[in-house]
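Residue numbers (my numbering): 6 to 167.
Don't be surprised by glycine CBs; every beta carbon is placed ideally from N, CA and C.
Data block below; observations after.
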Ligand code: ADP
């Protein structure tokens with residue numbers, strides 16, 4: 006078990022887990038709004054060895070770090086294994102997730118109930134902003150693969166190497 010420095014004990018921290026392949030304006034909106042609710046938002050890139058990604062872990066991390074370079078309340082980390090175990094290890098009490106549509110709700114509901122069975126960690130949901138609610142990383146990847154203007158859907162920090 007890790008002992009937290011005294012000033013960190015009462016901090017309200019939220020973990021925002023995902024693949025971020027790549028970070029989109031939808032994620033950006035949730036993270037920005039998350040920092041108004043929590044003392045710290047930890048953007049956590051989950052590593053799944055069975056998944057194929059378009060961007061490397063280093064690139065995905067760099068995009069997020071650059072997008073929030075002037076936000077001291079936002080941290081970026083990578084992790085493997087169960088999200089709730091990682092939260093316990095880091096002393097994080099909340100998981101932050103975005104909800105775009107009923108399909109997201111059904112999927113997130115099952116995960117949040119499972120996590121509550123496993124631990125005391127609460128999941129906090131934010132409804133996506135209307136103007137970014139249609140954006141998904143998978144559609145952005147499709148636009149990139151087909152040479153479309155992906156810059157309309159991602160923060161400036163996200164750039165594809167030519
Ligand atoms: P995952 O691998 O968990 O699907 P994502 O990177 O796609 O990871 O998403 C991480 C989180 O961001 C999820 O809570 C998801 O609902 C949320 N999210 C994804 N796209 C948007 C969007 N356009 N607006 C708001 N939240 C979003």
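According to DSSP, residues forming a beta bridge with residue i
i          : result
residue 21 : 48
residue 83 : 50
Bounding residues of the beta strand (DSSP E) (the contiguous stretch that carries residue i)
i           : result
residue 128 : 127-132
residue 101 : 99-104
Three-state secondary structure assigned by DSSP to residue i
i           : result
residue 158 : coil
residue 166 : coil
residue 169 : Past the edges of the chain, shown from 6 to 167, lies residue 169, and the structure says nothing about it.
residue 27  : coil
residue 140 : coil
residue 34  : helix
residue 74  : coil
residue 40  : coil
residue 66  : helix
residue 91  : helix
Within 8 Å, strictly: CB atoms of residue i and residue j
i           : j           : result
residue 2   : residue 162 : What is shown of the chain runs 6 to 167, which leaves residue 2 out entirely.
residue 124 : residue 93  : yes
residue 20  : residue 88  : yes
residue 145 : residue 29  : yes
residue 48  : residue 81  : yes
residue 140 : residue 39  : no
N-terminal and C-terminal residue of the alpha helix (DSSP H) that residue i is part of
i           : result
residue 109 : 107-123
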